[in-house]
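Asker:
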Amino acid sequence: MADLKNQRTYALVGHGGSGKTSVAEMLLFNAGVVNRLGKVEDGNTVLDYEPEEIKRRGSTQPGFAGYKWKKNDHFLIDAPGDSNFSGDLSYTLTAADGAVMVIDAVDGVKPLTRKVWAQVQAMGLPSMIVINKMDRDRADFDMAFNGISEALGARPVLLYYPIGAKEDFKGVVDMLSGKALLFGEDGAVSEGEIPGDIAEEVETLRETMIENIAESDEDLMEKYFEDGELSPEDITKGLKAGVASGELVPVVVSSALNNQGGQMILDTVQSLMPSPLDHKAWEGEDGELASSPDEPLACFVFKTLADPFAGQLTIVRVLSGEIKPDSHLLNASNGEKERVGQLLLTTGKEQAQAKTAMGPGSIVTLAKLKNTSTGDTLVEKGDFKLNKPEMAPQLITFALAPAEKGEEDKVYAAVAKLLDEDVTLTLSRDEESGDILLSGMGQNHIEISVEKAKRRYKADIVLKTPKVPYRETFKSGAKEVQGRHKKQSGGRGQFGDCWIHVEPRMSGEGYEFADQIVGGAIPRQFIPAVDKGIQESAARGVLAGYPVIDFKVTLYDGSYHNVDSSEMAFKVAGSLAFKKAAEKAQMALLEPVMLVTVAVPDSFMGDVIGDLSSRRGKVLGSDSQAGITEVKAHVPMAEMLKYAPDLNSMTGGQGTFFMEFASYEECPPQEAQKVIAANKKADDE
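Numbering of the sequence shown is given in full-length UniProt numbering, commencing with residue 1 and proceeding in unit increments.
1) Can you look up S245 in the DSSP assignment and give me helix, strand or coil?
2) On the CB-based measure, 16 or more other CB atoms within 10 Å of its CB, does V462 come out buried or exposed?
3) Are I210 and I194 closer than 8 Å when you measure CB to CB?
4) Is there at least one non-hydrogen atom of the ligand GTP closer than 7 Å to the beta-carbon of P276?
5) Assuming D602 and G627 make a contact with CB atoms under 8 Å, what is their CB distance in whole Å?
6) If contacts are defined as beta-carbon pairs under 8 Å, then Q590 and T473 qualify, I think. What distance do you get, rounded to the angstrom?
7) Please work out which residues of its chain come closer than 6 Å, Cβ to Cβ, to A478, disregarding the five sequence neighbours upstream and downstream, and give them in chain order.
8) Hey, out of V631, S489, E480, whose CA is closest to D497's CA?
9) Just to confirm the assignment: which complete alpha helix (DSSP H) runs, minimum length 4, are found wholly within the segment 182-269?
10) By DSSP's criteria, E295 is part of a beta bridge. Which residues make up the other side?
11) Alpha helix (DSSP H) containing G63: first to last residue?
12) With DSSP collapsed to three states, give me the class of N72.
13) Give every residue of the same chain whose Cβ lies closer than 6 Å to the Cβ of G617, excluding the five residues on either side of it in the sequence, and list them in chain order.
14) For H328, which residues of its own chain have a beta-carbon under 7 Å away from its beta-carbon, when the five flanking residues on both sides are left out?
15) In the DSSP assignment, what residue or residues form a beta bridge with G493?
16) Here's the rule: buried if 16 or more other CB atoms are within 10 angstroms of the residue's CB, otherwise exposed. What is M1?
17) Cutting at 8 Å between CB atoms, please list the residues of its own chain near G184, excluding the five before and the five after it.
18) DSSP puts R339 in a beta bridge; with which residues?
19) Is it right to say P523 is buried, meaning 16 or more other beta carbons lie within 10 angstroms of its own, or is it exposed?
20) Quick one: Cα of T374 to Cα of K355, how far?
21) Cβ atoms of F578 and T651: under 8 Å apart, would you say?
22) Following the continuous alpha helix (DSSP H) through T113, name the residue where it begins and the one where it ends.
23) For M1, does the three-state DSSP call read helix, strand or coil?
24) If we call anything under 8 Å between Cβ atoms a contact, is A310 one with A367?
25) So within the segment 6-72, which uninterrupted alpha helix (DSSP H) runs reach at least 4 residues, ignoring any that extend past its ends?
26) Does the segment 509-526 come into contact with the segment 445-462, if we say contact requires no fewer than three beta-carbon pairs (one atom in each stretch) closer than 8 Å?
27) What does the alpha-carbon distance come out to for the pair E167 and S216?
28) Evaluate R8 with the Cβ neighbour count: other Cβ atoms within 10 Å of its Cβ, from every protein chain shown; 16 or more gives buried, anything less gives exposed.
29) Where S449 and S559 are concerned, what is the direct C-alpha to C-alpha distance, given to the nearest angstrom?
30) To which residues does DSSP link P162 through a beta bridge?
31) Report buried or exposed for M659, applying the criterion of at least 16 other Cβ atoms within 10 angstroms of its Cβ.
32) Closest to K454 by C-alpha separation, out of G483, V423, S489, L418, would be which residue?
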């Protein structure tokens, strides 16, 4: 087994469009995995190979690659940057020992960058940052670099200072050695002179770098104050310790499309990113497990892929111990036994057979496991079960329908197969409307998932905006309402008679049934039937066919017949009483209101607040920090069904949002009339 001290397993993260996949391609080219540099625009990169990824020129699922750098094993996970496809980022980060964040030199830190960085920090992963696209027309190194401390709150340590920018980006200054490294053809690097126009700036930044390193360690700080400098050994030692503790974040610059900076990134990963042995103990449901080859085998399933030839591929991170070919494992999450055949190493869409046992930190692919899903823990013995990381909530729901009637089950089955590989999707049926509902991270996420289901499983699916789950309620009560059911048609008749009061309850208090029958006016065995009749009638609604909520019914009197009374008769009587009470009382339509949080660059704040107000939103407040404003508002769900593409259009793709249910509130009369009319029209059709 490889030397674990020098092994690296890391996630490549960042906002969509920052060039992560291009950086990954550059690293694989420099490591000799590929012999030509692919481009996302040309659809020929190693890690973006799904037809949907090639079509949209962006990652829709994590990409995996293994390579050697200076004879050491590296495992790379390229995480999607688009918020539509990064809902399971917490699973990807669980599989990594460190994170390499890519920031665009043109856009700098975006709202989504902050969101991703917060997740990396919450996981406690040592990190480094790559400022990419240094060759672009509007590249602004100072803006991007300053954003690391101002917007992310990190303490950056610049390891390589750019020589030139935009089309003149031609090299870097190695801040540790003080040497200039110039780029040649095909990524070749040669030493040269530091240009005079940046020498002073380099010296100032080098002093800042050493100060930051010194400040991260008390002993180094003392030494720095006493001697006024630190030795190269002290600098290296302090830098490693600061990165490991999360105090310091090394920064490298690159132009991935021109293959400039790849070697510097690889060297920094090797010298400063942690090994699997440095990973803190894994927390399980019933205890901890050290990240060590000497512990019992445990693997975490963090992704499942569907391969057209190999079938289901299960991607695992080895947490501890060693996994070997032809072994028997136990799924600690469900108690099922699994047989492991070959151990596969995945690079893009290709798999190669591993020749040796694989230890902690390894990203291993297992084929044809029968009872294992994303989030499960596989063990050789014992019952260690890793705590599952939390995932972001789904933001949008669409209704699915077959293009041809009668094929609902085919649609449901096709989409259900996608759930194995995409844990950020949920599939359900709406009991009220009968719709098949697919929930995900955004409109793009849903549309591409449906495209995938069509392509793979030949299911012709139509996307519809789902029904908003309106509710109805009583605004006023109704006293002394009778429900009487009497039917005589030869033979035994039907008779049930009940008297009720109905009163509204506070929002969220639900339904209450109070039995105040005395003297046997209604026999005990028939009282639950009255309750059931009321509940069934309430579920069908009064105004627009939506369930009635938050009300209390008091059953206080009634009568019965010795022969003709039955549970069914009293159930009908209860239903009739409820309908009469609804006619007598004042009813209201309620709409679900969401708590919406939107993060955008400051320049878009006015547009966003104006737009939320136009959606009948009530802005609760805003908070601006380092050029990014976070706006909170209560907005009716009906106004938010297609917010994702609108926000993208409004902010040029720089805005992010999430929302959660807040409460039900009374629908304004004008809106209520529209909903009631639409429901009546649907019923008539």
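From the three backbone atoms N, C-alpha and C, an ideal C-beta is built for every residue, glycine too.
Since we're looking at a predicted model, the values are computed, not measured.
Answerer: Taking the structure as given:
1) S245: helix per DSSP, three-state reduction.
2) V462 sits exposed, since fewer than 16 C-beta atoms from the chains shown fall within 10 Å of its C-beta.
3) Cβ distance not < 8 Å, so I210 and I194 don't count as in contact.
4) As presented, the structure is devoid of all ligands, the ligand GTP included, so that no description of it is given.
5) Their Cβ separation, rounded to whole angstroms, is 5 Å, which keeps D602 and G627 in contact under 8 Å.
6) Rather than Gln, the amino acid found at residue 590 in this sequence is Leu. Sure, about 6 Å apart at Cβ, within 8 Å.
7) Residues of the same chain with a CB within less than 6 Å of the CB of A478, apart from the 5 flanking positions on each side, are V502, A581, K584, A585 in chain order.
8) Checking every option, the nearest Cα to that of D497 belongs to E480.
9) For the alpha helix (DSSP H) assignment, the uninterrupted runs of no fewer than 4 residues enclosed by the segment 182-269 are, from N- to C-terminal side, 196-215, 218-227, 232-245.
10) Note: E295 sits in no beta bridge, so no partner.
11) Where G63 is concerned, there is no enclosing alpha helix (DSSP H), although the beta strand (DSSP E) around it starts and stops at 63-69.
12) DSSP places N72 in strand when its eight states are reduced to three.
13) Within its own chain, the residues whose Cβ lies closer than 6 Å to the Cβ of G617, once the five positions on either side in sequence are excluded, are A633, V635, listed in chain order.
14) Within the same chain, H328 has close Cβ partners K337, R339.
15) Answer by DSSP bridge pairing: none, since G493 is not bridged.
16) Confidence in M1 is poor, its pLDDT being 48 and thus under 50, which makes the residue's placement unreliable; the coordinate value appears in the next sentence. Per the 10 Å Cβ criterion, exposed.
17) In its chain, beyond the 5 residues on either side, S190 have a beta carbon closer than 8 Å to the beta carbon of G184.
18) Listed as beta-bridge partners of R339 by DSSP are H328.
19) Classification for P523: exposed.
20) In a straight line, the C-alpha of T374 is about 25 Å away from that of K355.
21) Not a contact, by the Cβ cut-off of 8 Å.
22) In the DSSP annotation of this structure, the continuous segment of the alpha helix (DSSP H) that includes T113 starts and ends at 111-122.
23) Caution is warranted here: a pLDDT of 48 is assigned to M1, below 50, making its placement in the model unreliable, and no coordinate value can be reported.
24) Yes, these two residues count as a Cβ contact at 8 Å.
25) Runs found: 20-30, 51-56.
26) The answer is no - the segment 445-462 does not touch the segment 509-526, with fewer than three Cβ pairs under 8 Å.
27) In a straight line, the C-alpha of E167 is about 36 Å away from that of S216.
28) Residue burial is scored here from C-beta neighbours: R8 has at least 16 other C-beta atoms within 10 angstroms and is therefore classed as buried.
29) C-alpha of S449 to C-alpha of S559: approximately 58 Å in a straight line.
30) P162 pairs with V172.
31) Taking a 10 Å sphere around the C-beta of M659, we find 16 or more other C-beta atoms and assign the residue as buried.
32) The shortest C-alpha separation from K454 is found at L418.
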